[in-house]
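Undergrad: Here it is: the structure, laid out below.
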Amino acid sequence: MKDYEKQREEIRLCCKELLEEEKVDVVLGYTLGSLDDAQIPFFVRSVEETDRLEWGERCFQNLAPYLHGRTDRVGIVAKPCDVRAIVQFIMEGQLKREQIYIIGMDCPGMVDAEGGVRPGCDECRIHIPPLFDTHITDDRITETQEVQRETGHGAERFQREIDKCILCYSCRQACYGCYCKTCFVERGMPNWLPPEIDSGTKKTFHMGRAMHLAGRCVECGACEAACASGVNLRYMIKELTGFVEEVHGYQAGLDLDAKPPLVSYGDDDREIGFLGDDGA
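Using this note's numbering, the first residue of the sequence shown is number 8, and each one after it goes up by one.
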C-alpha cells in the first residue's frame, strides 16, 4: 500500500486555512468509511472536522457531481478526472469558477476493495490536475502516458454487453455528465410506467448516452465501476473521445478557455461522415 501521509497532512492544513479565513463555506473531500477502509465523500463545515480528512489509493469516487447545483463557496479535494469534470461544468454554465476552490491532487491511480486497478485508472493519461488553486504533488507519478485506443469492436460484443444490462441506470447516476433532470430515454413516459427492459430500449439508452458524452467524457471510469452487472460499454465512449481528439484536437476538461467542438462551428471544420474526410 502506498504512503499518502504527506498529501493527507497538506490537505488538512490547506482546508483549515480555507475555513479559518472564510474563503469557503464548506470543503468537500474524503474520510474513512465503515467498510473495508473505504474512503468516502465527506463535507467539512468546521475547522475541527478537517482532522477527519483522508487521502489514499481508495479515494476513487469522482466528487465533481456533488458540486452540481450548489450556489455556495466550496473547496474541493480533486483528482485530475474530478478537475476535468469541474472544468466541463464551468464551461457548460453549471458552476461559476469563483465559487470553487480547487485543491488539485496529483494522482498515480486508485484501487478497488480487492486491490485491483479501478476502471479508467488503468488507461489514465492525465495524472496532474489541469486546473487548481492549490497543487498537492506526488513525486511518484509521471506527466502523461500514451494509451492505445481500442478498435475493431463489432455488433457481437455490443450485443453481449447489452444482454447483461438490466437498465438500472447506475452508470447514468454515477456519471458527472448525466445531470439532465429528465433523461432522454424517459421523456414522454408516465411517472408510474418505467421504460421497457428490452434490447431495443437498452441499445437506445446506451448509444444515446454515448453520443451525449462525445467530447465531454473525462475518462474517470465511474460508469463502469458502478455497474452491478459487469457491463462494459465504456469502450464506445472511449472511441468517441478518441475520435473527437483526433479530428478536433480537443480533450474534455483540460482547458477552461477551449470551446467544445460539438457546441461550436467553424468554416474550417473537417467533414467526417458518409462523404469521406474531405466532404467530396
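For each residue, glycine too, the CB sits at the ideal point set by N, CA and C.
Rounded to the nearest angstrom, what separates I148 and S206 at their Cα positions?
TA: As a working note, residue 148 is residue 141 in the sequence shown. As a working note, residue 206 is residue 199 in the sequence shown. Rounded to whole angstroms, I148 to S206 spans 42 angstroms at the Cα level.
Undergrad: Closest to K30 by C-alpha separation, out of R52, Y73, A229, would be which residue?
TA: Counted from its first residue, the sequence shown places residue 30 at position 23. Of the listed residues, the one whose Cα sits closest to K30 is R52.
Undergrad: Can you give the Cα-Cα distance for V251 and A259, rounded to whole angstroms?
TA: If you number the sequence shown from 1, residue 251 lands on position 244. If you number the sequence shown from 1, residue 259 lands on position 252. One C-alpha to the other measures close to 9 angstroms.
Undergrad: Can you give the beta carbon distance from A85 to M112, rounded, assuming they're within the 8 angstroms contact cut?
TA: To locate residue 85, count along the sequence shown from 1; it is residue 78. To locate residue 112, count along the sequence shown from 1; it is residue 105. Contact flag correct, Cβ pair sits at about 6 angstroms.
Undergrad: So the alpha helix (DSSP H) I107 belongs to, where does it begin and stop?
TA: Position 100 of the sequence shown, counted from the first residue, corresponds to residue 107. That residue, I107, is in no alpha helix (DSSP H); its beta strand (DSSP E) goes 107-112.
Undergrad: On the DSSP letters alone, give me the boundaries of the beta strand (DSSP E) that G82 sits inside.
TA: For the purposes of this step, residue 82 is taken as residue 75 along the sequence shown, with counting starting at 1. Secondary structure note for G82: its beta strand (DSSP E) is the uninterrupted segment 81-85.
Undergrad: Buried or exposed for M218, going by 16 or more other Cβ atoms inside 10 Å?
TA: Reading the sequence shown from its first residue, position 211 is the one you call residue 218. M218 is exposed by the Cβ-count criterion.
Undergrad: Inspect the beta-carbon positions of V33 and V81 and report whether they are closer than 7 angstroms.
TA: Within the sequence shown, the letter at position 26 stands for residue 33. Within the sequence shown, the letter at position 74 stands for residue 81. Yes, these two residues count as a Cβ contact at 7 angstroms.
Undergrad: Can you find the residues in the same chain that come closer than 7 angstroms, C-beta to C-beta, to E24, ignoring five residues on each side of it along the sequence?
TA: In the sequence shown, the residue the question calls residue 24 occupies position 17. Once the five neighbours on either side are set aside, E24 has no close Cβ partner at all.
Undergrad: Beta carbon of Q95, beta carbon of R223: below 7 angstroms?
TA: As a first step, residue 95 must be located in the sequence shown, where it is residue number 88. As a first step, residue 223 must be located in the sequence shown, where it is residue number 216. Against a cut-off of 7 angstroms, the Cβ pair of R223 and Q95 comes out as a contact.
Undergrad: Using only the alpha-carbon positions, how far apart do A235 and L174 sit?
TA: As a working mapping, residue 235 is identified with position 228 in the sequence shown. As a working mapping, residue 174 is identified with position 167 in the sequence shown. Here the alpha carbons of L174 and A235 stand approximately 11 angstroms from one another.
Undergrad: Tell me the residue span of the alpha helix (DSSP H) that contains V118.
TA: Position 111 of the sequence shown, counting from 1, holds the residue named residue 118. Per DSSP, V118 belongs to no alpha helix (DSSP H) and is neither H nor E.
Undergrad: Under DSSP, the beta strand (DSSP E) around F250 begins and ends at which residues?
TA: Indexing the sequence shown from 1 puts residue 250 at position 243. First-last for F250: 241-255, but that is the alpha helix (DSSP H), not the beta strand (DSSP E).
Undergrad: Starting from I169 and walking both ways along the alpha helix (DSSP H), at which residues does that stretch end?
TA: Residue numbering aside, residue 169 sits at position 162 when the sequence shown is read from its first letter. Run containing I169: 162-171, per the alpha helix (DSSP H) assignment.
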